[in-house]
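First up is the structure itself, then whatever we jot down about it.
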Amino acid sequence: METLIGVQPLIEIIELTLQTAYLKPYEPVSLLLIAKPESCKTRTLFSNCNHNFIYYTNEITAKMLIDNVLTVAHEKKKLKFLVIPDLLNCIEKQKTSQQQFLNLIKSMMDEGINSIQTFYKIIESSNVIC
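At position 30 of the sequence shown the residue is numbered 1157 (the working numbering), and the sequence of numbers has no breaks.
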């Protein structure tokens, strides 16, 4: 990645967060980046997302989050991070879809998720999944 002035602290924060995937015991760490548009958030995130334990997506719904992220994280115990460079893409939907997604993300960021029960899927784990 080319050198960008003033972005090094952001790069270090992201890299330190990603290093927590290797700590034993694993405890999920959340990082929420909020900044003005055109402040290199997306570019910096993308340049650090070439690891097999990161699920990177520009848009996702609550159902896809459960099916593609939490299920894989539970079954393969491989995924440790979900990276969404622009959260607005995920919440500019119908009110019900938006609320389900935000509730799920809130739970993931608060204490992590170890159990999901919907009418179509049940995931149970003694450890935090994601």
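Just so it is clear, CB atoms sit at the ideal spot from N, CA and C, and this is done for glycine as well.
The C-alpha of L1214 lies about 18 Å from the C-alpha of S1174. Taking C-beta separations shorter than 7 Å and ignoring five residues to either side along the sequence, the partners of E1186 in its chain run N1216 and C1217, following chain order. Around the C-beta of A1162, fewer than 16 other C-beta atoms lie within 10 Å, and the residue is accordingly described as exposed. Nearest Cα to L1158 within the set K1151, N1179, E1139 and K1220: E1139.
Of all C-beta pairs linking the region 1142-1153 to the region 1183-1198, fewer than three are shorter than 8 Å, placing the two stretches out of contact. Note on geometry: alpha-carbon atoms of T1169 and L1145 lie some 16 Å from one another. Rounded to whole angstroms, the gap between the alpha carbons of E1219 and F1246 is 24 Å. As the crow flies, the alpha-carbon of N1230 is around 32 Å from that of Q1135. A straight line joining the alpha-carbon of L1206 with that of I1240 spans about 13 Å.
Assigned with DSSP and collapsed to three states, Q1226 falls in helix.
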